[in-house]
Amino acid sequence: MGPRPVRAQQEEALDTAYNAAERGAWEVSARAWRHILDDAPNLSGAAANTLRGASSEARPGVRQSFLAAPVSASARLALAQLETEWGSPRAGWSALETLPPTAAAVSAWVEFATGAADAGAPLVARDALAAALQVRPGAALALRAAGAALEGGDATGAMALADRAAALDPAAPVVAVRVRALCRLGRPEEADRLLSAAPADRSSALWAELGRAVALAYARAGDVTRARDAVRRFGLADDTAIAGWLALYAGDLAGARRALETASGDAPDVVTAMALLVRTHADSAPIVGQAFMLLSRGDSARAADAFAAAATSAALADAAPLLLATAARLHVARHEDALAVPLWRRVVEGYAAAPEAPEADLEWGRALKRGSDVAGAIERWQHLLLTYPTSALATQARRELDLVKAAA
Numbered sequence: 003m004g005p006r007p008v009r010a011q012q013e014e015a016l017d018t019a020y021n022a023a024e025r026g027a028w029e030v031s032a033r034a035w036r037h038i039l040d041d042a043p044n045l046s047g048a049a050a051n052t053l054r055g056a057s058s059e060a061r062p063g064v065r066q067s068f069l070a071a072p073v074s075a076s077a078r079l080a081l082a083q084l085e086t087e088w089g090s091p092r093a094g095w096s097a098l099e100t101l102p103p104t105a106a107a108v109s110a111w112v113e114f115a116t117g118a119a120d121a122g123a124p125l126v127a128r129d130a131l132a133a134a135l136q137v138r139p140g141a142a143l144a145l146r147a148a149g150a151a152l153e154g155g156d157a158t159g160a161m162a163l164a165d166r167a168a169a170l171d172p173a174a175p176v177v178a179v180r181v182r183a184l185c186r187l188g189r190p191e192e193a194d195r196l197l198s199a200a201p202a203d204r205s206s207a208l209w210a211e212l213g214r215a216v217a218l219a220y221a222r223a224g225d226v227t228r229a230r231d232a233v234r235r236f237g238l239a240d241d242t243a244i245a246g247w248l249a250l251y252a253g254d255l256a257g258a259r260r261a262l263e264t265a266s267g268d269a270p271d272v273v274t275a276m277a278l279l280v281r282t283h284a285d286s287a288p289i290v291g292q293a294f295m296l297l298s299r300g301d302s303a304r305a306a307d308a309f310a311a312a313a314t315s316a317a318l319a320d321a322a323p324l325l326l327a328t329a330a331r332l333h334v335a336r337h338e339d340a341l342a343v344p345l346w347r348r349v350v351e352g353y354a355a356a357p358e359a360p361e362a363d364l365e366w367g368r369a370l371k372r373g374s375d376v377a378g379a380i381e382r383w384q385h386l387l388l389t390y391p392t393s394a395l396a397t398q399a400r401r402e403l404d405l406v407k408a409a410a
C-alpha cells in the first residue's frame, strides 16, 4: 500500500485535535493543530477556538507547540488569537511580531489587529498594523493604524500615521483623524482651521461630530467663548450633549443637569458627571467645572486635587463623599495610594452612611495590603462586613480576607 492521501492525513489529524480537546488533553490537541496548520493555514481561527478552554497548567505546553521550529505564521497567529482569548492581546502580539516580514506575516498581522481591536486593545492593534505598514505600504492601512492609535489615546502616533497615509496617497481622507488628534492634543485652533478649510458635506453626521470635538477642545482649554462660537459655526445649537458639557465646564451645574440628562452613558466622564449632578442641589460650582475640565484633558493629578477641594465647599456638602471618592479613585489609578488613603479615611469616618463608604473601606484595605499592612487591611474589610453586611461589596471583602488567610 502507498502512503495515505494528504486529505486523509488531515482529516485524521483534525479528529485527533478535536477529540483530544474534548478529553482535556490540550497539549495533544495543540500538537495535532500545529501539524494541521502547516498545511492548512486558513484554520488558525479554528485552532484557537478549539484550544481556548485550555487550563492555565496546560497553556505552556500549548505555547511550546505553536512556537516550535520551524517558524509558522499560521501557528503564530493561532497562538496570538489564543493569547487574546486568554486576556493578553499584548502577549499575542509578542508571538507574532518576530515573524520574518513575508506576505504571510503581513496577513497574520492584519488579521490579528482586527481581533485585538475587537478585544479592546487598540494600541496592540496599532502596533500590528504599523508592522504590516512597514512591509506593505498603503494609505488605507496607515489610516487603520491611525484610527487604532487614536482609539487607544495615542494622538501623537495617530497624527504621524495620518501624515504617512497622506504621503502615500495625497487624496487619502485624513482630515477626520487629524482633527480628532489635534483636539486630543489640546490644539483646538489648528483643528478648527483644518476642519473649516476642508471640503466636506456640512450637513453630514461626521461634520457635526468633528465640530463637536473642536468645540469641546476649546472648552477643555478653558476658552468657553470660542467653544460657544464653534457651536454656532458648526451648527450645533440643538446639540444638548455639548451644551451640557460646556455648562459643566463653566461650573453651571443647573444648565449641565438639564442638558446632560439625556447624554450617552458612553461619553467620557458622563457617569461621574451625572452622579454628581444628581447628588447635589447646587446650581453653580466653578471648582467642579475646573475639575471636570482637567479630567477631560487627562490631567488626573490636578483633577483629583480639584475634586478633593470641591468636597470642602459648603455649597457641595451633599456631594462631598462622592467628590472625595472620585478624587481617591483618580489617585489609585495613578498608583498614588498615599494620596488616596486619607480621602478614603475621610469618607469612612465622616460619611459612614454615604453610598461611597463601603467602597472606601474596601479600597482603603486594598491600599493597606499593597503597602504590606496586612493587619490594617484585615481590619478595614472586617469593618466593611460588620457595618455594611448587605453591601454589594461585602462579597469582595470576604474574597480579600480569604486570599489573605490563604497566603498566611
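If you want our numbering, it's the position in the sequence shown, counting the first as 1, plus 2. We put the beta carbon where it would ideally sit given N, CA and C, even for glycine.
Between the C-alpha atoms of Pro357 and Leu262 there is a straight-line separation of about 22 Å. By the neighbour-count criterion, in which a residue is buried when 16 or more other Cβ atoms sit within 10 angstroms of its Cβ, Leu197 is buried.
Cβ atoms of Ser298 and Arg222 come within 8 Å of each other, at about 5 Å. Close CB contacts of Ala56 within its chain, under the 6 Å cut and outside five residues either way in sequence, are with Trp28 and Val64 (chain order). When the five nearest sequence neighbours on each side are left out, the beta carbons in the same chain lying within less than 6 Å of the beta carbon of Trp35 are those of Ala19 and Ala49, in order along the chain. In its chain, beyond the 5 residues on either side, Ala258, Ala261, Leu262 and Ala265 have a beta carbon closer than 7 Å to the beta carbon of Gly246. Ala308 is not a Cβ neighbour of Arg336, given a cutoff of 8 Å. If only uninterrupted alpha helix (DSSP H) runs of at least 4 residues are considered, those enclosed by the region 165-195 are 177-186. The bridge partners DSSP lists for Ser198 come to none. As for any alpha helix (DSSP H) of minimum length 4 sitting wholly inside the region 291-370, the runs are 302-312, 322-335 and 339-352, ordered along the chain. Scanning Gln398, Ala150, Leu238 and Asp41 for the CA closest to the CA of Ala207 turns up Leu238.
For secondary structure counted as the alpha helix (DSSP H) over 4 or more consecutive residues, the region 56-143 holds these complete runs in sequence order: 61-69, 75-87, 91-98, 105-120 and 124-137. A Cβ-Cβ distance of about 12 Å is found for the pair Leu296 and Ala312, leaving them out of contact under the 8 Å criterion. Looking at the DSSP output, Ser206 sits in no beta bridge, so it has no partner there.
In this structure Lys371 is buried. Its beta-carbon is surrounded by 16 or more other beta-carbon atoms within 10 angstroms.
Beta-carbon to beta-carbon, Ala293 and Ala305 are separated by about 5 Å, close enough to satisfy the 8 Å threshold. Shown here for Ala200: same chain residues with a beta carbon closer than 6 Å to its own, the five before and five after excluded, namely Val177 in chain order. Under the DSSP definition of a beta bridge, Asp254 partners with Ser286. DSSP places Gly26 in the coil class of the three-state scheme, outside both helix and strand. One alpha carbon belongs to Pro91, the other to Val126, and they sit about 7 Å apart.
Taking C-beta separations shorter than 8 Å and ignoring five residues to either side along the sequence, the partners of Tyr390 in its chain run Ala359, Pro360, Asp363 and Ala396, following chain order. Collapsing the DSSP output to three states places Ser46 in a helix.
At the C-beta level, Ala379 and Gly367 come within 8 Å of one another. Burial check for Asp285: the Cβ neighbour count within 10 Å stays below 16, so the residue is exposed.
In the DSSP assignment, Glu402 falls within the unbroken alpha helix (DSSP H) covering Ala396 to Ala409. The C-beta distance from Ala123 to Leu135 rounds to 18 Å, too long to meet the 8 Å contact threshold. Counting of Cβ neighbours within 10 angstroms places Arg400 among the exposed residues, the total staying below 16. As the crow flies, the alpha-carbon of Gly149 is around 45 Å from that of Ala354. Contact between Ala232 and Ala217 holds: CB atoms are separated by about 4 Å, below the 8 Å threshold. Around the beta carbon of Asp254, 16 or more other beta carbons lie within 10 angstroms, which makes this residue buried. Distance from Ala118 to Ala130 at the Cβ level is roughly 6 Å; contact confirmed, criterion being Cβ atoms closer than 8 Å. In the three-state scheme derived from DSSP, where H, G and I count as helix and E and B as strand, Asp41 is classed as helix. When only Cα atoms are considered, Ala168 and Thr158 end up about 16 Å apart. Ser76 places its beta carbon less than 8 Å from that of Leu39. Following the DSSP letters along the chain, one finds Asp231 inside the alpha helix (DSSP H) bounded by residues Val226 to Arg235.
The beta carbons of Phe236 and Ala219 sit no closer together than 8 Å.
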